[in-house]
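Counting in this note's numbering, the sequence shown runs from 1 upward without gaps. Below: one structure, written as structure tokens.
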Amino acid sequence: MTSLEFHSSQRRARSLLTAALAEAAVGWAHRAIHAVVEWRRQRRDRAAFQQLIGKEDWVYRDMGIHRGDVEWASHLPLHINAAQELEKLRARYNMGR
């Protein structure tokens, strides 16, 4: 291998490494942005759900749930959609009717 061939292969290797690092950085940035967007959506959903807390009992009865269900769901971890969990409870209650 001549010196010129050696330097050419070194440049190619550096170029491939740079491309791989750039691709990894873009992938990481994409995942980070997706995580932030998902976190904001979860916070928005939970804030909307919090509007159910403190309503009168007739509101809960009209929805087919109980006050305790709303209080329970409000303490679920943020990554769990509290409204969906309440819907599951409501469906279970309605199966018994």
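Beta carbons: idealized from backbone N, C-alpha and C, even for Gly. What you are looking at is a predicted structure, and each value in this text was computed from that prediction instead of being measured.
query                                                                                                                                                                   : result
Between the stretch 42 to 51 and the stretch 65 to 85, are three or more C-beta pairs nearer than 8 Å?                                                                  : yes
Alpha carbon to alpha carbon, what distance is there between A35 and W28?                                                                                               : 10 Å
Using three-state DSSP, classify K88 as helix, strand or coil.                                                                                                          : helix
Please specify which runs of the alpha helix (DSSP H), each continuous and at least 4 residues long, are wholly inside the stretch 5 to 87, giving them in chain order. : 57 to 63 and 67 to 74
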